[in-house]
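Below you'll find the structure, written out as structure tokens, and then a few comments.
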Amino acid sequence: MLKVPEHQVAGHIAKDGKLGPLVDNQGRFYKPLQGDARGENEAKFYESFSSNKNVPDHIRGYFPVYHGVQLVEASDGSGKLPHMVLEDVVSSYVKPSVMDVKIGSRTWYPDVSEEYFNKCIKKDRATTTVSLGFRVSGLKIFDCQESRFWRPDKRVVLAYKADGARTALRKFVSSNSLADDSVPDCAYASEVYGGSDGILVKLLEVKAWFETQTLYHFNSCSVLMVYENDSGGDERRAQVKLVDFAHVLDGNGVIDHNFFGGLCSFIKFIQDIL
Amino acid sequence: MHLKAPEHQVAGHIAKDGKPGPLVDDKGRFFKPLQGDSRGEIEVKFYESFSSNTEVPDHIRRYFPVYHGTQAVEGSDGAAMIVLENLLSKYSKPSVMDVKMGSRTWYPEASEEYIQKCLRKDARSTTVSSGFRISGFEVYDHKELSFWKPDRKLLNGIKVDGVRLALRKFVSSNTLSDTSSKPDAAFASSVYGGSNGVLTQLLELKTWFENQTFYHFNSCSILIIYENESIHEDGARAQVKLVDFAHVHDGNGVIDHNFLGGLCSFINFVRDILQSSDESTDN
Numbered sequence: 001m002l003k004v005p006e007h008q009v010a011g012h013i014a015k016d017g018k019l020g021p022l023v024d025n026q027g028r029f030y031k032p033l034q035g036d037a038r039g040e041n042e043a044k045f046y047e048s049f050s051s052n053k054n055v056p057d058h059i060r061g062y063f064p065v066y067h068g069v070q071l072v073e074a075s076d077g078s079g080k081l082p083h084m085v086l087e088d089v090v091s092s093y094v095k096p097s098v099m100d101v102k103i104g105s106r107t108w109y110p111d112v113s114e115e116y117f118n119k120c121i122k123k124d125r126a127t128t129t130v131s132l133g134f135r136v137s138g139l140k141i142f143d144c145q146e147s148r149f150w151r152p153d154k155r156v157v158l159a160y161k162a163d164g165a166r167t168a169l170r171k172f173v174s175s176n177s178l179a180d181d182s183v184p185d186c187a188y189a190s191e192v193y194g195g196s197d198g199i200l201v202k203l204l205e206v207k208a209w210f211e212t213q214t215l216y217h218f219n220s221c222s223v224l225m226v227y228e229n230d231s232g233g234d235e236r237r238a239q240v241k242l243v244d245f246a247h248v249l250d251g252n253g254v255i256d257h258n259f260f261g262g263l264c265s266f267i268k269f270i271q272d273i274l
Numbered sequence: 001m002h003l004k005a006p007e008h009q010v011a012g013h014i015a016k017d018g019k020p021g022p023l024v025d026d027k028g029r030f031f032k033p034l035q036g037d038s039r040g041e042i043e044v045k046f047y048e049s050f051s052s053n054t055e056v057p058d059h060i061r062r063y064f065p066v067y068h069g070t071q072a073v074e075g076s077d078g079a080a081m082i083v084l085e086n087l088l089s090k091y092s093k094p095s096v097m098d099v100k101m102g103s104r105t106w107y108p109e110a111s112e113e114y115i116q117k118c119l120r121k122d123a124r125s126t127t128v129s130s131g132f133r134i135s136g137f138e139v140y141d142h143k144e145l146s147f148w149k150p151d152r153k154l155l156n157g158i159k160v161d162g163v164r165l166a167l168r169k170f171v172s173s174n175t176l177s178d179t180s181s182k183p184d185a186a187f188a189s190s191v192y193g194g195s196n197g198v199l200t201q202l203l204e205l206k207t208w209f210e211n212q213t214f215y216h217f218n219s220c221s222i223l224i225i226y227e228n229e230s231i232h233e234d235g236a237r238a239q240v241k242l243v244d245f246a247h248v249h250d251g252n253g254v255i256d257h258n259f260l261g262g263l264c265s266f267i268n269f270v271r272d273i274l275q276s277s278d279e280s281t282d283n
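Chains A and B, in that order, give the protein sequences. Numbers 1 to 274, taken from the UniProt record's numbering, label the letters of the first sequence in order. Numbers 1 to 283, taken from the UniProt record's numbering, label the letters of the second sequence in order.
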């Protein structure tokens with residue numbers, strides 16, 4: 001029995017009869033193959049990536065596991081449609097705080113249509129993409145004070161400037177109330193961002209791969225950050241995953257300098273909080 | 001003061017049609033006319049700030065031209081000029097390459113017109129695809145005993161393979177104007193490699209760029225220079241310098257991710273040439 005994911009923060013949402021991803025109770029995420037070649041492109045990437053011997057194992061861990069394509073009853077009632085079957089990155093978490101950060105100082109790439117280029121560049125300039133090399137796409141943070149999730153409106157998130165992005169990253173690891181204007185206390189910064197298995201260490205591993213990998217250009221991809229808030233558990237289990245590969249292209253012997261630059265900038269923001 | 005036009009300028013404005021161009025003296029100084037519409041002002045502001053910025057480490061300072069203030073120079077209608085270190089004065093037969101760094105040459109603070117102009121140029125060149133573009137270069141041919149410079153228009157149209165070829169030609173000794181013989185990359189290890197070579201210097205710069213948030217070096221170039229005179233006996237004395245600061249803006253607590261990405265891409269191109277030339281000499 002498939003249902004709408006609880007913790008999705010960005011992308012199309014399967015709600016009110018709209019087409020969107022679904023999850024099962026076995027840790028799998030079903031992403032409908034979108035029209036206009038994007039879905040096909042994403043599946044093509046996953047096929048290539050899962051069988052690419054040049055990707056080191058420790059890097060493979062930063063990508064959702066791929067389980068092929070399956071015909072599944074679509075969320076908008078349009079019948080059985082092909083869906084990509086992926087690892088549900090948040091399924092093992094009870095109360096996950098999740099943040100989606102789109103990496104790169106541009107989300108467009110060579111040879112796109114003029115229409116797509118104009119749409120992308122407008123959004124890139126209006127958000128922190130051009131100035132910071134990344135933008136926060138969505139977030140859902142567990143507010144310990146209020147004991148519920150805090151999820152700012154999408155329009156508010158897209159309007160973030162540098163300070164907004166900084167504040168969001170601080171709030172992501174704070175224990176005090178998120179909804180008001182109180183200064184985020186960053187109480188969990190060292191547990192979530194820091195430590196030998198924290199987010200910073202993981203981002204630095206990804207960065208090291210991007211310094212030389214010329215296999216793929218991850219246009220418009222996001223870094224998903226997740227950690228556990230459930231007070232029962234001992235660990236935060238902070239995770240970093242790359243997601244959204246609808247616009248990935250061949251690297252053709254050139255590094256993904258766009259992603260690399262943005263990732264370095266994002267890393268600096270995290271380091272500054274630590 | 002005896003001033004003349006510089007001999008080995010590969011990119012940027014040259015003295016033409018009554019418009020002022022840069023000049024050099026015989027004391028190792030380079031005189032750059034202050035460009036109009038605030039660009040000259042921005043460049044001076046950068047040099048002033050940079051020379052007095054105590055947080056720039058010394059080993060990074062060597063990658064920037066020494067600044068000697070501004071001066072009104074006779075014969076240039078009393079117009080002010082920026083006085084800099086002449087980067088080529090210690091070289092007798094320098095090969096020089098100018099590489100504009102970054103996957104975009106525009107920046108948020110620029111005018112809409114300027115942004116559109118840059119976008120067009122960036123898309124037509126390797127800037128968007130590779131994170132940098134070769135603005136110009138001049139290389140000494142050890143067989144012909146003369147300098148060779150590719151046609152500017154040709155250079156503007158090159159793609160990724162053209163960049164690779166240019167980077168090989170830049171460190172070759174064989175006849176460059178003869179397109180039938182492959183560039184030998186004879187000087188790849190002396191120029192690009194070694195403990196003081198171009199690659200080592202670029203990697204030092206990269207480390208600084210991963211952390212510095214003082215400046216955003218929009219549209220800046222990296223100049224690569226090396227000596228051809230007695231290269232076999234005395235080595236190449238390769239030097240990397242950052243130049244052209246007319247569009248530099250404050251970093252505002254953010255790293256220069258645009259320059260950094262392009263620099264990392266450029267480093268990979270140089271490393272590839274170094275590795276392929278090392279492999280061919282092993283055969």
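Each residue gets a CB set at the ideal place from its N, CA and C atoms; glycine is no exception.
DSSP three-state assignment for residue i, whether helix, strand or coil
i, result
"isoleucine 13 of chain A", "coil"
"histidine 232 of chain B", "helix"
"threonine 167 of chain A", "helix"
"phenylalanine 172 of chain A", "coil"
"leucine 84 of chain B", "strand"
"glycine 136 of chain B", "strand"
"glutamine 71 of chain B", "strand"
"phenylalanine 64 of chain B", "coil"
"tyrosine 116 of chain A", "helix"
"valine 130 of chain A", "helix"
"phenylalanine 170 of chain B", "coil"
"glycine 194 of chain B", "coil"
"valine 254 of chain B", "coil"
Backbone CA spacing between residue i and residue j [nearest angstrom]
i, j, result
"leucine 87 of chain B", "glutamine 271 of chain A", "37 Å"
"threonine 107 of chain A", "lysine 202 of chain A", "23 Å"
"glutamate 228 of chain A", "glutamate 73 of chain A", "31 Å"
"phenylalanine 218 of chain A", "serine 111 of chain B", "29 Å"
"threonine 54 of chain B", "aspartate 278 of chain B", "40 Å"
"valine 4 of chain A", "serine 265 of chain B", "41 Å"
"valine 56 of chain B", "phenylalanine 50 of chain B", "8 Å"
"histidine 67 of chain A", "arginine 164 of chain B", "39 Å"
"lysine 153 of chain B", "proline 152 of chain A", "51 Å"
"aspartate 16 of chain A", "serine 175 of chain A", "33 Å"
"histidine 12 of chain A", "leucine 224 of chain A", "15 Å"
"arginine 38 of chain A", "threonine 214 of chain A", "21 Å"
"aspartate 250 of chain A", "proline 110 of chain A", "12 Å"
"isoleucine 141 of chain A", "tryptophan 150 of chain A", "5 Å"
Residue j beta carbon less than 8 Å from that of residue i
i, j, result
"valine 248 of chain B", "cysteine 220 of chain B", "yes"
"threonine 212 of chain A", "tyrosine 160 of chain A", "no"
"glycine 138 of chain A", "serine 265 of chain A", "no"
"asparagine 41 of chain A", "histidine 257 of chain A", "no"
"isoleucine 273 of chain A", "alanine 189 of chain A", "yes"
"valine 101 of chain A", "histidine 7 of chain A", "no"
"glycine 104 of chain A", "glycine 262 of chain A", "yes"
"isoleucine 222 of chain B", "alanine 238 of chain B", "no"
"glycine 131 of chain B", "serine 103 of chain B", "yes"
"serine 189 of chain B", "histidine 142 of chain B", "no"
"valine 23 of chain A", "serine 91 of chain A", "yes"
"glutamine 212 of chain B", "isoleucine 255 of chain B", "yes"
"histidine 8 of chain B", "glutamate 138 of chain B", "yes"
Same chain, Cβ closer than 6 Å to residue i, five either side skipped, listed in chain order
i, result
"valine 66 of chain B", "Glu85"
"leucine 81 of chain A", "Pro32 and Ala74"
"alanine 238 of chain A", "Val192, Gly198, Ile199 and Tyr227"
CB-CB length for residue i against residue j, believed under 8 Å
i, j, result
"aspartate 37 of chain B", "histidine 2 of chain B", "Not a contact, Cβ separation roughly 31 Å."
"glutamate 210 of chain B", "proline 94 of chain B", "About 30 Å separates the two Cβ atoms, so there is no contact after all."
"valine 206 of chain A", "valine 240 of chain A", "7 Å"
"valine 89 of chain A", "proline 64 of chain A", "6 Å"
Same chain, Cβ closer than 8 Å to residue i, neighbours up to 5 away in sequence not counted
i, result
"residue 353 of chain A", "With chain A running from 1 to 274 in the structure shown, residue 353 of chain A is simply not present."
"valine 130 of chain A", "Ser105, Arg106 and Asp124"
"residue 290 of chain B", "What the structure shows of chain B is the stretch from 1 to 283, and residue 290 of chain B is not part of that stretch, so it cannot be assessed."
"isoleucine 273 of chain B", "Arg164, Leu167, Arg168, Val171, Ala185, Ala188 and Tyr192"
"glycine 261 of chain B", "Gly102, Ser103 and Gly131"
"leucine 200 of chain A", "Tyr193, Gly194, Ile267, Ile270, Gln271 and Leu274"
Nonlocal neighbours in the same chain, by C-beta distance under 7 Å from residue i, ignoring five residues either side
i, result
"glycine 106 of chain B", "According to the sequence shown, residue 106 of chain B is tryptophan rather than glycine. Closer than 7 Å at Cβ, skipping near neighbours: Tyr114, Ile115, Cys118 and Leu119."
"serine 203 of chain B", "Checking the sequence, you will find leucine at residue 203 of chain B rather than serine. Only Ile267 meet the Cβ criterion."
"alanine 14 of chain A", "Val4, Gly20, Pro21, Leu22 and Ser75"
"leucine 155 of chain B", "Ile134 and Gly136"
"aspartate 230 of chain A", "Val94 and Lys95"
Short-range partners of chain C found in the region 121-133 of chain B, where Cβ spacing is below 8 Å: Going by chain labels, chain C is absent from the structure shown, which instead holds the protein chains A and B.
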